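Structure, as structure tokens:
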Amino acid sequence: MSAPAPSPLAIVDAEPLPRQEEVLTEAALAFVAELHRRFTPRRDELLARRAERRAEIARTSTLDFLPETAAVRADDSWKVAPAPAALNDRRVEITGPTDRKMTINALNSGAKVWLADFEDASAPTWENVVLGQVNLSDAYTRNIDFTDERTGKTYALRPDGELATVVMRPRGWHLNERHLTDADGTPVPGALVDFGLYFFHNAQRLLDLGKGPYFYLPKTESHLEARLWNDVFVFAQDYLGIPQGTVRATVLIETITAAYEMEEILYELRDHAAGLNAGRWDYLFSIVKNFRDGGARFVLPDRNAVTMTAPFMRAYTELLVRTCHKRGAHAIGGMAAFIPSRRDAEVNKVAFEKVRADKDREAGDGFDGSWVAHPDLVPIAMESFDRVLGDRPNQKDRLREDVHVEAADLIAVDSLDAKPTYAGLVNAVQVGIRYIEAWLRGLGAVAIFNLMEDAATAEISRSQIWQWINAGVEFENGDRATPELARKVAAEELDAIRKEIGEEAFAAGHWQQAHDLLLQVSLDEDYADFLTLPAYEQLKG
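Note that the numbering used here has the sequence shown beginning at 90, numbered continuously upward.
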């Protein structure tokens, strides 16, 4: 490992946090500074390339597999590196933020993997960014416990052999960390902060535990972005003297452009690739974002009407399984977001059946594992995959050579019969306001109407409002989607929330601010690339 020079990074506009000195050491910050110096310029170029590609989609209203990488797709000889033992069986993965209670509960959940989330399930307050790192380090040293002040209940880790393997998700390339800047005042990309601090403190520690530094890579839009991550991994391993190939990364295929580059993404990461994941809500958000001016054939119905059995979603998931297994990688399915009700057994019964059917479908289609948002769903998903896998750790031998997906199949949105409804507009407004309000309070994973919502579901909510208005959608009740109608529904929701929680709680929250921000990103003529960009400007802490 290189001897660290004093870090040129400054911590700005941040209140001191307990134990931050354990994370923000001079050596760790020097490492992050070097990541920033080497890789942020390329990050900036790739963000500019995203804008150019989006302009091309606006011009053509189509996408295709890349002609310049046809040789990579045609070459059957390459495979990704074999999975390490700790990541070979991924049949059920639980997701959630890295607060102390969630860290313990997720590790204890019985799931094979915990996606420890610094991205969509975490509002990036400085406290969440830094203390999330503290919590993960404490978990690996078994120095973690938690007592709920409200209930008095105490939480502690089970024996090591019963704990989930951690796969950490840093922020996407588009987000900066405003509290960490270089000598020019330029903020460090949040992805490099999250990855850098975690890798620096835990890579060797995880190797000593028989595991390794494993990552989920979000919001990837091209194989060139995967190449950048691969270069980050190669440099980081050299810097700390960790053997090359120790890092393993699973890429979320949650953008429509990445769906056309799955093989190339695996190829770029082949020495570090662990698999691909089908991320439903961000994928739909990406379709709306990229094809928002493509006319009526790209107008999505209510988000809950777009199930994974929709033809264009089925094309996406089946192509993902085929691609992964052709290249020796794991294919991980989508999220079961239901949060069980402690009061309504009938709601639970109906929802559990839907979860079971969804996981049965994924296991039957050849996925090697899938996601859940709540520990109560772990046994249901486990049963679905146990039934198909038995004692095998995965089903990568199922090559799905029966699958043939054409470029047009992935964007055949008009193959759906469903149409947008007025109730869908109301739901989008409700979820949008309620989620943004919680996010502004520092909460990134929020139970709303018995579903775990995160930034991805807020993105699809505001994108659908924007798309329906700009497409002039007429709902079944005769109302037309207009800015005035959105404002009316939002005002009614704000009033309903005030009545529901009372004046005191309403005044203590960020409800008006959330209402205004939702309308801003839903009604502005210039569509914001990510809701979290203007929201981050308003996030305190």
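A virtual CB, placed ideally from N, CA and C, is assigned to each residue, including glycine.
Given the structure is predicted, the values throughout are model-derived calculations rather than measurements.
Query raised in the report: Going by the CB atoms, is the gap between L373 and A425 shorter than 7 Å?
Result: no
Query raised in the report: Regarding A507 and the ligand PLP, is the C-beta to nearest heavy atom distance less than 6 Å?
Result: In the structure on display, the ligand PLP does not appear, and there are no ligands present to speak of.
Report task. Would you verify that the beta carbon of A452 is, or is not, closer than 7 Å to some beta carbon of chain B? Result -> In summary, chain B is missing from the structure at hand, where a single protein chain is found.
Requested in this report: Give me the Cβ distance between A347 and V494, rounded to the nearest whole Å; I'm assuming they're in contact under 8 Å.
Outcome: That belief does not hold up - the Cβ atoms of A347 and V494 are roughly 14 Å apart, past 8 Å.
**Report entry** Neighbourhood of S459 by C-beta distance below 6 Å, restricted to the same chain and skipping five residues each side
**Finding:** G422, K448, E451, A470
**Report entry** Exposure label - D491; buried when at least 16 CB within 10 Å
**Finding:** exposed
Query raised in the report: Using the beta-carbon count (16 or more within 10 Å), is N566 buried or exposed?
Result: exposed
Query raised in the report: Buried or exposed: which applies to R231, given that a residue is buried once 16 or more other Cβ atoms fall within 10 Å of its Cβ?
Result: exposed
Query raised in the report: Could you give the uninterrupted runs of the alpha helix (DSSP H) lying entirely in the stretch 393-432, keeping only those of 4 residues or more?
Result: 400-415
**Report entry** Through-space distance from V610 to W555, alpha-carbon basis
**Finding:** 8 Å
Requested in this report: Below 8 Å on the Cβ atoms is my guess for Y229 versus L298; work out the distance and round it to an integer in Å.
Outcome: 7 Å
Query raised in the report: Relative to the alpha-carbon of E238, which residue among D206, R179, K190 has its alpha-carbon at the smallest distance?
Result: K190
Query - Ordered list of alpha helix (DSSP H) runs contained in the stretch 272-319, each at least 4 residues - result: 279-297
Query raised in the report: At a cut of 8 Å, does the stretch 431-443 reach the stretch 138-154 through at least three beta carbon pairs?
Result: no
Query raised in the report: Contact between the stretch 557-572 and the stretch 528-548: three or more CB pairs below 8 Å?
Result: no
**Report entry** Distance between A245 and N194 (C-alpha atoms, nearest Å)
**Finding:** 8 Å
Query - Touch test, the stretch 513-527 against the stretch 395-414, Cβ-Cβ under 8 Å, three pairs minimum - result: no
Query raised in the report: Can you tell me the Cα-Cα spacing of V578 and E266, whole angstroms?
Result: 34 Å
Report task. Determine the DSSP secondary structure at H125, reduced to helix, strand or coil. Result -> helix
Query raised in the report: Can you name the start and end residues of the beta strand (DSSP E) that E182 belongs to?
Result: 181-186
Requested in this report: Check the C-beta distance from L505 over to P390 and give it rounded, since I have them as a contact under 8 Å.
Outcome: 6 Å
**Report entry** Cutoff 7 Å; reference K168; Cβ partners in own chain excluding five residues on either side
**Finding:** R416, G417
Query raised in the report: Do you know whose CA, among L98, E589, S552, V121, lies nearest R392's CA?
Result: S552
Query raised in the report: Is A170 near D360, with beta carbons less than 7 Å apart?
Result: yes
Query raised in the report: Between S503 and R386, is the Cβ-Cβ spacing less than 7 Å?
Result: According to the sequence shown, residue 503 is Asp rather than Ser. Cβ distance < 7 Å, so D503 and R386 count as in contact.
Report task. Report the three-state DSSP secondary structure of N379 (helix, strand or coil). Result -> helix
Query raised in the report: Taking Cβ positions, are D283 and F401 nearer each other than 7 Å?
Result: no
Report task. Report yes or no: do three or more beta-carbon pairs, one from the stretch 111-121 and one from the stretch 314-321, lie closer than 8 Å? Result -> no
Query - Every unbroken beta strand (DSSP E) inside the stretch 349-380 [3 residues or more] - result: 362-367
Query raised in the report: To which residues of the same chain is I500 closer than 8 Å at the C-beta, ignoring the five residues directly before and after it?
Result: T151, L152, I345, I376, F380, F387, F401
Query - Where R476 falls: helix, strand or coil (DSSP) - result: helix
Query raised in the report: Where does G598 fall in DSSP's three states?
Result: coil
Report task. For R386, name the three-state secondary structure that DSSP assigns. Result -> helix
Requested in this report: Could you check what DSSP says for H268 in three-state terms: helix, strand or coil?
Outcome: strand
Query raised in the report: D613 by DSSP, collapsed to three states: which one?
Result: coil
Query raised in the report: Using a Cβ-Cβ cut-off of 7 Å (strictly less than) and excluding sequence neighbours within five positions of E77, which residues of its own chain qualify?
Result: One cannot answer for residue 77 here, as it falls past the ends of the chain, which runs 90 to 630.
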